[in-house]
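One structure is given below, encoded as structure tokens.
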Amino acid sequence: MPEQIVVHALQCTHYIILWQLAKISETGVTKDELLTLKRQMKVFCQICQHYLTNVHPAVKEQAFTILCDVLMIFSHQIMVGGRETLQALVYSPDSSLQSELLSFILDHVFIDQDDDNNSSDGQQDDEASKIEALHKRRNLLAAFCKLIVYNVVEMNTAADIFKQYMRYYNDYGDIIKETMSKTRQIDKIQCAKTLILSLQQLFNEMIQEHGYNFDRSSPSFSGIKELARRFALTFGLDQLKTREAIAMLHKDGIEFAFKEPSPQGDVHPPLNMAFLDILSEFSSKLLRQDKKTVYAYLEKFMTFQMSLRREDVWLPLMSYRNSLLAGGDDDTMSVMSGMSGRGSSVRSKKTKPATGKRKIPEAEESSSSDSMWLNREQSMNTPVMMQTPQLTSTIMREPKRLRPEDSYMPVYPMQPEHHQTPLDYNTQVTWMLAQRQQEEVARQQQERAAMNYVKLRSNLQQAIRRNTGLMEDDEEPIVEDVMMSSEGRIEDLNEGMDFDTMDIDLPPSKNRRERTELKPDYFDPASIMDESVSLKYIIPAILKIMK
1 MPEQIVVHAL QCTHYIILWQ LAKISETGVT KDELLTLKRQ MKVFCQICQH
51 YLTNVHPAVK EQAFTILCDV LMIFSHQIMV GGRETLQALV YSPDSSLQSE
101 LLSFILDHVF IDQDDDNNSS DGQQDDEASK IEALHKRRNL LAAFCKLIVY
151 NVVEMNTAAD IFKQYMRYYN DYGDIIKETM SKTRQIDKIQ CAKTLILSLQ
201 QLFNEMIQEH GYNFDRSSPS FSGIKELARR FALTFGLDQL KTREAIAMLH
251 KDGIEFAFKE PSPQGDVHPP LNMAFLDILS EFSSKLLRQD KKTVYAYLEK
301 FMTFQMSLRR EDVWLPLMSY RNSLLAGGDD DTMSVMSGMS GRGSSVRSKK
351 TKPATGKRKI PEAEESSSSD SMWLNREQSM NTPVMMQTPQ LTSTIMREPK
401 RLRPEDSYMP VYPMQPEHHQ TPLDYNTQVT WMLAQRQQEE VARQQQERAA
451 MNYVKLRSNL QQAIRRNTGL MEDDEEPIVE DVMMSSEGRI EDLNEGMDFD
501 TMDIDLPPSK NRRERTELKP DYFDPASIMD ESVSLKYIIP AILKIMK
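Each residue of the sequence shown is one higher than the one before, starting from 1 at the first, in the UniProt record's numbering.
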């Protein structure tokens with residue numbers, strides 16, 4: 001039978017089935033009619049499957065295209081849009097049909113340009129015919145990839161498609177990449193398993209060609225590593241979204257690497273050990289905590305002798321282990337930044353200025369909690385954590401401002417006394433005695449300053465009364481008020497003033513509260529005189545005192 005007749009016959013039969021489906025969708029039908037249509041559709045699919053192996057390229061291409069359309073139409077998508085009554089028409093291809101569709105793609109799509117003999121006029125070298133042939137192959141690949149995306153065929157069949165990504169990047173790279181993206185949206189874990197399966201297939205093909213003693217610097221092995229790197233880039237930058245998928249990918253890769261042990265025993269690496277070198281391309285996509293989990297899973301397959309090996313044949317295992325252990329410095333820096341953040345947040349909550357009371361228990365509690373966390377997360381402390389902390393006073397008026405990179409030092413306060421050495425204890429006692437002496441000197445100076453302040457105001461009051469002729473019995477309440485004000489002033493100074501302020505004439509502290517309390521208002525009208533006293537009596541009194 002001429003090939004053109006077969007092509008048109010397949011097209012007509014396809015249209016008849018589609019018209020019957022449209023009629024059933026518009027009008028209500030019985031279940032028997034649905035079963036009849038499904039039976040006709042299955043027979044037609046078998047005919048198309050038979051023509052996939054036809055000698056004529058046009059017949060094979062037509063049968064493949066129609067078969068993909070029919071499988072897509074009568075898939076589970078037929079019930080979308082409230083058409084649950086058509087559930088009886090759902091048809092899923094069996095494994096043999098899926099295998100034949102995949103074989104057709106591999107034999108007729110992933111071929112070199114010179115091997116294409118589809119043009120009937122024999123002008124293969126013509127540029128227009130090459131473009132037309134490439135367009136046909138792209139349509140065939142797109143039809144099959146649509147079946148993968150809509151889960152009509154199993155997703156693992158896409159492994160044979162994905163492994164061609166690098167070799168045929170110029171011709172089908174956009175189609176394959178879009179298929180990866182769509183399958184990842186459907187099922188991230190299954191897509192990751194498909195990607196690692198494609199790499200395993202390429203690795204097995206290389207082993208069959210070069211044997212197990214291949215050179216890891218060969219173009220074949222380098223090409224597989226490059227493909228793995230390209231696959232890793234398709235996962236994007238958001239590691240949280242692909243966390244489970246990447247972990248499953250490493251799990252399958254580790255199992256494949258240790259699947260076939262060496263016949264010569266543990267002295268020699270497993271036959272697929274070199275695959276770990278390919279798998280290390282995906283280590284950068286793991287979260288730090290997931291790296292520890294994957295490393296623990298890797299240790300289940302390793303023996304004690306394997307961990308001690310340093311020969312070149314064990315380099316893939318060593319490089320993969322190092323890729324999983326990488327990021328330890330980042331962990332330390334993240335711990336430091338977290339501790340600095342906690343220290344700054346604690347300091348920001350303090351609303352009162354520093355006083356002479358040391359709050360060692362609170363600092364010890366935060367230090368002990370941080371030490372427990374660090375000991376749990378890290379096997380050894382960093383040098384910064386092992387230094388002896390400096391003895392700093394909490395009553396300093398202006399604490400030393402640390403640089404941003406040193407902001408985590410307040411988290412390490414003085415160690416508890418029962419952990420100190422005798423030298424540290426003596427130093428601490430000496431320091432505390434010195435602080436007490438400073439406190440006593442500061443208290444005496446405060447008392448003298450307060451008494452001078454009281455005398456000044458008392459003299460000012462007496463001068464005002466002599467100039468204004470006030471009665472003698474009016475002085476007593478005013479003097480009593482001045483004394484009460486001075487006592488309140490002394491209490492305020494004792495509460496808010498730093499003990500290291502040796503002289504009342506020192507520049508005021510940068511602390512706002514200290515600035516307001518260390519500067520008494522000597523000319524407060526409310527505390528000096530009543531509102532009835534005029535300013536003309538105050539000025540002469542001040543001038544007289546100054547003389």
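We put the CB at the ideal spot given by N, CA and C, even for glycine.
Do residue i and residue j have their C-beta atoms within less than 8 Å of each other?
i	j	result
LEU233	LEU199	no
LEU10	CYS68	no
LEU276	GLU260	no
VAL7	VAL59	yes
SER217	HIS210	no
LEU71	ILE78	no
LEU197	ALA257	no
LEU279	TYR320	yes
VAL149	LYS182	yes
ILE176	GLN164	yes
TYR91	PHE74	yes
PHE162	MET180	yes
THR194	MET155	yes
Expressed to the nearest angstrom, what Euclidean distance is found between the alpha-carbon atoms of residue i and residue j?
i	j	result
PRO361	TRP431	Low local confidence applies: a pLDDT of 39 at PRO361 is under 50, so the model's placement there is unreliable, with the coordinate-based value given in what follows. Whole-angstrom Cα-Cα distance: 19 Å.
ARG39	ALA274	51 Å
TYR168	TYR297	35 Å
THR30	VAL43	21 Å
ILE5	GLN62	12 Å
PRO422	PHE304	Any reading at PRO422 must be qualified, since the residue scores a pLDDT of 44, below 50, and its modelled position is unreliable; the value itself is stated next. Approximately 45 Å between the Cα atoms of the pair.
TRP19	ASP126	40 Å
ALA326	ALA128	53 Å
GLN46	ASP94	11 Å
ALA247	PHE235	12 Å
PHE64	ALA245	33 Å
MET41	MET306	58 Å
ASN213	ARG137	37 Å
LYS300	GLN264	20 Å
LEU86	TYR15	19 Å
ILE229	ASP215	It should be noted that the sequence gives Arg, not Ile, for residue 229. When rounded, the distance between both Cα atoms is 19 Å.
GLN461	GLN444	26 Å
ASP112	MET206	20 Å
PRO57	ILE131	17 Å
LEU315	SER222	15 Å
SER96	LEU102	10 Å
LEU456	ALA442	21 Å
ARG83	LEU34	13 Å
HIS76	LEU21	14 Å
PRO508	LEU237	Interpretation of PRO508 is limited by its pLDDT of 47, a score under 50 that renders its predicted location unreliable; the figure taken from the coordinates is listed afterwards. Looking at the two C-alpha atoms, the distance is approximately 53 Å.
GLN49	LYS188	31 Å
ALA449	LEU433	25 Å
VAL80	GLU26	15 Å
ILE17	SER262	57 Å
GLN201	ASP32	46 Å
GLN435	ASN459	36 Å
Taking the alpha carbon of residue i as the reference point, which residue from the options has its own alpha carbon closest?
i	options	result
THR157	SER99, LEU141, PHE203 and GLY173	SER99
ASP252	ILE17, GLN190 and LYS177	GLN190
MET1	GLN437, ASP187, TYR51 and GLY236	TYR51
HIS108	LYS291, GLY82 and LEU141	LEU141
ILE224	GLN239, ALA245, GLU281 and LEU249	GLU281
THR36	GLN289, ILE24 and GLN185	ILE24
LYS292	SER323, MET302, LEU101 and GLY265	SER323
LEU134	ASN170, LEU102, MET155 and VAL80	ASN170
residue 549	LEU240, THR242, ARG310 and LYS241	Because the chain here runs from 1 to 547, residue 549 falls outside it and cannot be looked at.
ALA192	PHE231, GLN49 and ARG457	PHE231
THR242	GLU178, SER284, ASP32 and THR53	SER284
LEU308	GLY173, PRO269 and GLN289	PRO269
ASP290	GLU255, CYS12 and GLN239	GLN239
LEU106	CYS145, THR13 and GLY81	CYS145
THR13	GLU26, ILE66 and THR53	ILE66
residue 605	PHE110, GLN208 and GLN201	As displayed, the chain neither begins before 1 nor continues past 547, which places residue 605 out of reach and without an answer.
### Query
What residue ranges within the stretch 199 to 258 form continuous alpha helix (DSSP H) runs of no fewer than 4 residues, ordered along the chain?
219 to 233 and 243 to 257
### Message
Threshold first: 4 residues or longer. Then list the alpha helix (DSSP H) segments lying entirely within the stretch 46 to 105, N to C.
### Response
57 to 73
### Task
Go through the stretch 113 to 180 residue by residue and report every complete run of the beta strand (DSSP E) that reaches 3 residues or more, in order.
none
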